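Chemist: Chains as they are written, first to last, in the numbering used here: chain A, 20 to 433; chain B, 8 to 432; chain C, -17 to 297.
Using N, Cα and C, we set each Cβ at its ideal position, and we do this for glycine too.
It should be emphasised that the depicted structure is a prediction, and the values quoted were computed from it without experimental measurement.
This is the structure I want to talk about, given as structure tokens.
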Amino acid sequence: MQPRKGLSALLGFVLALAAGGTAWAQQTIKIAYTDPLSGPFAQVGDANLKQMQYIIDFINAKGGALGKKFELVPFDNKSQPSDALIALKSATDQNMPFIMQCSGSNIAAALIEAVNKHNDRNPDNRIIYLNCGAVAPELTNEQCSFWHFRFDLHAAMKAEVMVRALPKDITKVYLINQDYLFGQSVQREVKNYLTKLRPDVQVVGDELIPLGKIKDFSPYITKIKASGAQALLTGNWGPDMNLLIKAGVDAGADLRYYTFYAHLAGGPTAIGAGGDNRVLAVMPFNENVAPEIGNAEAEAFARGFREKHKFDFSSAGFRTIFEYLQAAINKAGSLDPTKIAYAMEGLSHKDFLGFDSTMRKDDHQIVSVYFVGVFKKGVKYDAEGTGLGWGTAATVLAKDIDQPNSCKMKRPKM
Amino acid sequence: MSAFRRHWIWLLALAVLLAFPFLFYDWTKGRHSGFVLTLMSEIGVMAIFALSYNMLMGQAGLLSFGHAVLFGLGAYCAAHVVNLVKAGTIWLPTELVPLAGGLGGMFFGYVLGWLVTKQRATAFAMITMGLGELVSAAALMFMGFFGGEGGISIDRVMDTSLLGVAYTSPWQVYCLVLAWAFIAAALMQLQTQTPLGRIANATRDNFERAQFVGYDPRMVRLLQFTLSGFFAGVGGGLYVLIYEIVTFDTVSAAKSANALLAVYIGGAGGFFGPILGTIVVVLLQSGVSLLSNAWLLYVGVLFIVMVMYAPGGLIGLIFMHAPIWRIGRLRELTVPYLKALPAALLILAGFVMLVELASFTTIGAAQGKKLAIAGAVIDTGSPLPWLVAAGALGLGILWMRFAARGFRARWDALIEDARRQGVMS
Amino acid sequence: MEVFVVSLLNGLVYGMLLFMLASGLTLILSMMGVLNFAHASAYMLGAYFAFTISQHIGFWPALVIAPLLCGLIGAAIEMWGLRRVHRNGHVAELLFTFGLALIIEKVVQMTWGLLPVPYRIPELLDFPLFTIYGTHFPAYRAFMLLVSALMFGAIWLGLTRTRIGLIIQAALTHPEMASALGHNVPRIFTLVFAAGTALAGLAGVIGGNYQVTEPAMAFTMGPIVFVVVVFGGLGSLTGCFIASILMGLIQTFAVVFDVSLADLLARFGFVVTKETPFAEVLTVTLPRIGALLPFLMMVLILVFRPRGLMGTRDT
Chain A
20 MQPRKGLSAL
30 LGFVLALAAG
40 GTAWAQQTIK
50 IAYTDPLSGP
60 FAQVGDANLK
70 QMQYIIDFIN
80 AKGGALGKKF
90 ELVPFDNKSQ
100 PSDALIALKS
110 ATDQNMPFIM
120 QCSGSNIAAA
130 LIEAVNKHND
140 RNPDNRIIYL
150 NCGAVAPELT
160 NEQCSFWHFR
170 FDLHAAMKAE
180 VMVRALPKDI
190 TKVYLINQDY
200 LFGQSVQREV
210 KNYLTKLRPD
220 VQVVGDELIP
230 LGKIKDFSPY
240 ITKIKASGAQ
250 ALLTGNWGPD
260 MNLLIKAGVD
270 AGADLRYYTF
280 YAHLAGGPTA
290 IGAGGDNRVL
300 AVMPFNENVA
310 PEIGNAEAEA
320 FARGFREKHK
330 FDFSSAGFRT
340 IFEYLQAAIN
350 KAGSLDPTKI
360 AYAMEGLSHK
370 DFLGFDSTMR
380 KDDHQIVSVY
390 FVGVFKKGVK
400 YDAEGTGLGW
410 GTAATVLAKD
420 IDQPNSCKMK
430 RPKM
Chain B
8 MSAFRRHWIW
18 LLALAVLLAF
28 PFLFYDWTKG
38 RHSGFVLTLM
48 SEIGVMAIFA
58 LSYNMLMGQA
68 GLLSFGHAVL
78 FGLGAYCAAH
88 VVNLVKAGTI
98 WLPTELVPLA
108 GGLGGMFFGY
118 VLGWLVTKQR
128 ATAFAMITMG
138 LGELVSAAAL
148 MFMGFFGGEG
158 GISIDRVMDT
168 SLLGVAYTSP
178 WQVYCLVLAW
188 AFIAAALMQL
198 QTQTPLGRIA
208 NATRDNFERA
218 QFVGYDPRMV
228 RLLQFTLSGF
238 FAGVGGGLYV
248 LIYEIVTFDT
258 VSAAKSANAL
268 LAVYIGGAGG
278 FFGPILGTIV
288 VVLLQSGVSL
298 LSNAWLLYVG
308 VLFIVMVMYA
318 PGGLIGLIFM
328 HAPIWRIGRL
338 RELTVPYLKA
348 LPAALLILAG
358 FVMLVELASF
368 TTIGAAQGKK
378 LAIAGAVIDT
388 GSPLPWLVAA
398 GALGLGILWM
408 RFAARGFRAR
418 WDALIEDARR
428 QGVMS
Chain C
-17 MEVFVVSLLN
-7 GLVYGMLLFM
3 LASGLTLILS
13 MMGVLNFAHA
23 SAYMLGAYFA
33 FTISQHIGFW
43 PALVIAPLLC
53 GLIGAAIEMW
63 GLRRVHRNGH
73 VAELLFTFGL
83 ALIIEKVVQM
93 TWGLLPVPYR
103 IPELLDFPLF
113 TIYGTHFPAY
123 RAFMLLVSAL
133 MFGAIWLGLT
143 RTRIGLIIQA
153 ALTHPEMASA
163 LGHNVPRIFT
173 LVFAAGTALA
183 GLAGVIGGNY
193 QVTEPAMAFT
203 MGPIVFVVVV
213 FGGLGSLTGC
223 FIASILMGLI
233 QTFAVVFDVS
243 LADLLARFGF
253 VVTKETPFAE
263 VLTVTLPRIG
273 ALLPFLMMVL
283 ILVFRPRGLM
293 GTRDT
């Protein structure tokens, strides 16, 4: 009976494909969104998807763009570039004007290359790649592309934010990063900006660790303590960051942890109360910014998500992406990706918190306000029900992190 | 004429594969569906990969957990070669890029094979697993050869085609993949009939006896491993041409697992089993994953059902019918099959619905999705859909039990008949 | 000295956690020949069960109940699944456990969500036991050491002093002989599989809050357990114990020594510069590859000594 069952499943699938393939009338502005949605890293895509959906509903309620509503079409890429490229094919088949991806610079690099080639070879069926979180600096420097827009600060800019937020009394720091492109660029850039901005700070240790292989970070903590460091600077994410901080807290090390990603979903739970006033994160947004600066409207917007999903709204910064899209599409007056891309570059915008940002014309890199949050008790909105939340320790304005770039942008004819 | 008669199945397959993408051709815009073509190219590449894996598992009885290392290293070699060609350092026709990948795979197959083929059975499996972990970690750490996280990207349009094809469209690449897939499959099938292929079988079936007869089993394993590396590398070379990038995940354990799963689901026994298995695995992975977040669960259930009820794989299920077909009474199975079909469909529908409901209430709902069947949105909060799903599943199982009894009686009678007529092997 | 003592303690704790995980697998693999890919999933289930139970009735009952639940699940899997698959060969068994691991991961995601759960160390044990050179040694780590040592003792006594233990030992080294002597080998298989799963569950209970309880924990813990078992050698609990401690210590001490092959070559007067072939490989320091050393060691030992450290027969 098995072959029949398999066959019928296959048939059903082919039919479903055929149905999906027939072009729907363009009622909505479709954005293909690809990130891991299954498997061990599913929480990454899941958290992003929920927040984007909330933002899209909000933007659509405000009229969308050109009278059309935005629609997010998720594709599971299982953290594999090849699957992301299949999603790209699917998106271009259906004439979607945008593809969005947040997690993994390897996938981002693959997408940039593929979008470039696709747009060159199919001038009538172009697509724009919106990068919402792949932060390798190369992507808007050596690899920069007219079709790629990055809506998050890249690693070098985040490194500068981190260095700028380092208090004056810290003079000895220790660096731990993951041994791959991203970790290596964090390592390079943090050291670079330390020498530039804080020559008084001494780097007493500098390590690379294999990605996701270490289960016990206690030996590193021992080494860090022996080095006399006051602060640990790390670009680690996921288990590599959680376990590192946990080990440090357990060992009672008198350290401050400057991280890139402690605020992402799962981080606060893993760190727990032991991280009180010790863990800091470089972040585009946290829910306590709005009450701190007294912006009731932004606060209500963020609270809406929390009430709806019983979960933190850590990536409200995504709202900036959709507001840029809205503005660019309205300015272009068309859904033609080439026109939208021309409209988007150089666009300036005041975000919902009231800070300025710009999509730089020469490299398609956003320059926006960034915060350094500290994980502590007694804030208005706590994180993941831990009782602790992110308070703002430093605010770095867009004009302070407007770093130079080496992009030589090639633009197509209109 | 006799050649045609013997090989008609290959020609038929080729014709079907060439025609199939036109089912999805978008006539209004005059272009192929890039998604379908890429998916089918992926199937082609993975089929070569799975067949090369079967050279180890099916033919030589070597269970490898790190076969993707050969695939990926071949792909990296091919990518470097393409970049050299593009830079004008060397000249190579685009059509022969997979050959460069193959030679790379063969080289690494020999070098690594020298290490791993010292052992067999579980020790071999564990060594390949360790090597796989080491190589995939190295692929992230070293920029020079692997390009780090970003991988090595290429441009397949290099104006060196022998046929004057530019390879700008997925259709052209698909045709190239098809050609190579057929060449590789034919070569691999021929290899099964060479002395090496036969001795590999012998060392699989009776290791000690093969040794006594005078063959060095280690040498047999090494040669087989090297050759298998060549074909895996050919697959890697094609992968580079399709995606125009090669990253560390081509050497990862997940890729290796895919080969193992494809071979087992399809069936390691028959030559075409791995191809069938590949089709199922790729469709599950790249097709069903678009429809459902719970696709990994379906994969898991499929494996368990397969290993419990169909250890010979899909090809094994088909071959079971051979004796009945030979006595010309296959038609008599139609009615029992038709009786079981609704039961199977009910079970499938009930199970899928239960899983989707559960997955939806826990994860999907918050992602802002709506669970809809044929446009009708389903309220997952109410008990009705759950009851319907559970009912369908229960009914299906009962029905299946009933239908299976009748089926078994008929089946046994037919097999008995076949045995009496002496067509059972 | 300071670094040495602290690292020794940390290495020991990690090694003992590995041992708890690996001891169950070594029993299953040596006796049944099953490469159980779902073993780390049992570890994960143990942690999640303990999390839920400790929310309702506390950590201490969870320490007993969660492993028992895992053991029951293990027994059910063996009786209704593996036993059927057994006759289809080892590859079928392996794929069966692989499929099971996928299902368990998805079920965990659907039941407890995609994010880490706040499974915390019980308050009773949440204090630094002693401070050595300014570094706290948490009481919970001492507790982990204690539990794993007790477990090692219990398994060892069980295997050498009880009747069923002796039969298991016999079946470990000579499975055919044991069944020829009329022992109910299938029942022993069920027992061993259940016990192995329960041990993994126990490891999950005490490892889940020491690490982070999340759906990816099985995925990340899986390969290293195989390494320990194979390195230690099939059929030898002592080998498994030594291998676990060794792996724990090696990974811990690798972090301490900042040396690379280039440094070694420099001793012999060979200076590695950027132009040297393979400079990238030669200048990798030991801490960068510390976590990969177990895999390297496994490959090497299998190539030259396929029975592992103390194995009773070839892997």
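Roughly how many whole angstroms lie between the Cα atoms of F414 (chain B) and L291 (chain B)?
Modeler: 29 Å
Chemist: As a quick exercise: from C:S36, C:F31 and C:Q193, pick the residue whose alpha carbon is nearest that of L54 (chain C).
Modeler: C:F31
Chemist: Under 8 Å, Cβ to Cβ, is there at least one residue of chain A near A341 (chain B)?
Modeler: The identity of residue 341 (chain B) in the sequence shown is Thr, whereas the question assumes Ala. Chain A contact via Cβ: absent.
Chemist: Taking CB distances under 8 Å as the criterion, tell me whether R65 (chain C) reaches chain B.
Modeler: no
Chemist: What are the residues in the stretch 274 to 291 of chain C lying within 7 Å of chain B by C-beta distance?
Modeler: L274, F277, L278, M280, V281, L284, V285 and P288
Chemist: For F125 (chain C), which option in C:N191, C:G140, C:L96 and C:T179 has the closest C-alpha, if you only look at C-alpha atoms?
Modeler: C:N191
Chemist: Leaving out the 5 sequence neighbours to the left and right, which residues in its chain are closer than 8 Å to L17 (chain C) when beta-carbon positions are compared?
Modeler: L11, H72, E75, L76, T79 and F208
Chemist: Using 8 Å as the limit for Cβ to Cβ distance, is M132 (chain A) near chain B?
Modeler: The residue you asked about is not Met; residue 132 (chain A) is Glu in the sequence shown. Yes - at least one Cβ of chain B is within 8 Å of the one on E132 (chain A).
Chemist: Please report how far the alpha carbon of G294 (chain A) lies from the alpha carbon of K395 (chain A), in whole angstroms.
Modeler: So the two alpha carbons sit approximately 8 Å from each other.
Chemist: By the 10 Å Cβ neighbour count, where 16 or more other Cβ atoms means buried, how is R169 (chain A) classified, buried or exposed?
Modeler: buried
Chemist: Please determine if the stretch 67 to 79 of chain B and the stretch 240 to 257 of chain B are in contact, where contact requires at least 3 C-beta pairs separated by less than 8 Å.
Modeler: yes
Chemist: Is DSSP giving L36 (chain A) helix, strand or coil here?
Modeler: The predicted model places L36 (chain A) with a pLDDT of 44, which falls under 50 and marks its position as unreliable; any figure quoted below should be read in that light. L36 (chain A) falls in the helix class under three-state DSSP.
Chemist: Starting from F201 (chain A), find everything on chain C with Cβ-Cβ shorter than 8 Å and list it in chain order.
Modeler: The premise fails here: F201 (chain A) is roughly 15 Å from chain C at the closest Cβ pair, so nothing lies under 8 Å.
Chemist: Just checking my contact of G202 (chain A) with A153 (chain A) at CB under 8 Å: how many whole Å lie between their CB atoms?
Modeler: Contact flag wrong, Cβ pair sits at about 14 Å.
Chemist: Note down the Cα distance separating N213 (chain B) from A57 (chain B), rounded to an integer number of angstroms.
Modeler: 24 Å
Chemist: Short of 7 Å Cβ to Cβ, which residues in the stretch 274 to 291 of chain A face chain C?
Modeler: A284, G285, T288, A289 and G291
Chemist: Find the residues of chain C that neighbour D198 (chain A), judging by a C-beta separation of less than 8 Å, and give them in chain order.
Modeler: R270
Chemist: Quick one: using the 10 Å Cβ neighbour count with 16 as the cut-off for buried, is T214 (chain A) buried or exposed?
Modeler: exposed
Chemist: So A54 (chain B) packs on I282 (chain B), CB below 8 Å; how close in whole Å?
Modeler: 5 Å
Chemist: Taking K108 (chain A) as the query, report the chain B residues whose CB atoms sit under 7 Å from its CB, ordered along the chain.
Modeler: G41, F42 and T45
Chemist: Roughly how far, in whole angstroms, is the beta-carbon of G56 (chain C) from the beta-carbon of F175 (chain C), given that I think they are within contact range, below 8 Å?
Modeler: Confirmed, Cβ separation roughly 5 Å.
Chemist: Given this structure, state the Cα-to-Cα distance separating G364 (chain C) from L107 (chain C), to the nearest angstrom.
Modeler: Limits of chain C in this structure are -17 at one end and 297 at the other, which puts residue 364 (chain C) out of reach.
Chemist: Residue range of the alpha helix (DSSP H) that N160 (chain A) falls in?
Modeler: Per DSSP, N160 (chain A) belongs to no alpha helix (DSSP H) and is neither H nor E.
Chemist: Pick helix, strand or coil for S176 (chain B), following the three-state DSSP scheme.
Modeler: coil
Chemist: Could you tell me the distance, in whole angstroms, from the CA atom of Q113 (chain A) to the CA atom of R207 (chain A)?
Modeler: 41 Å
Chemist: Cβ of I389 (chain A) within 8 Å of Cβ of V301 (chain A)?
Modeler: Contrary to the premise, residue 389 (chain A) reads as Tyr rather than Ile in this sequence. Annotated as proximal: Y389 (chain A) and V301 (chain A), with beta-carbon spacing under 8 Å.
Chemist: So Y405 (chain A) packs on P100 (chain C), CB below 8 Å; how close in whole Å?
Modeler: Looking at the sequence itself, residue 405 (chain A) is Thr, so the reference to Tyr does not match. Contact holds; Cβ gap of about 7 Å.
Chemist: Of the residues that make up the stretch 160 to 181 of chain B, which ones have a beta carbon closer than 9 Å to any beta carbon in chain C?
Modeler: none
Chemist: Could you check which residue in A:A84, A:S425, A:V268 and A:I420 has the C-alpha nearest to that of A184 (chain A)?
Modeler: A:I420
Chemist: By the criterion of Cβ-Cβ separation under 7 Å, what are the contact partners of G147 (chain B) in chain A?
Modeler: It should be pointed out that residue 147 (chain B) corresponds to Leu in this sequence rather than to Gly. Simply D198, Y199 and L230.
Chemist: What residues of chain C sit near F60 (chain A), judged by a beta carbon separation below 8 Å?
Modeler: A198
Chemist: Please return the same chain residues whose Cβ sits closer than 7 Å to the Cβ of L243 (chain C), not counting the five positions on each side in sequence.
Modeler: L264
Chemist: Which value, in whole angstroms, describes the spacing of the CA atoms of L(-6) (chain C) and V(-15) (chain C)?
Modeler: Taking C-alpha positions only, L(-6) (chain C) is separated from V(-15) (chain C) by approximately 14 Å.
Chemist: Residues of chain C with CB closer than 8 Å to the CB of A365 (chain B), please, in chain order.
Modeler: Per Cβ cutoff of 8 Å: M92.
Chemist: Could you tell me how far apart the beta carbons of F134 (chain C) and F223 (chain C) are, in whole angstroms, since I believe they sit closer than 8 Å?
Modeler: 6 Å
Chemist: Helix, strand or coil, according to DSSP, for N307 (chain A) in the structure here?
Modeler: coil
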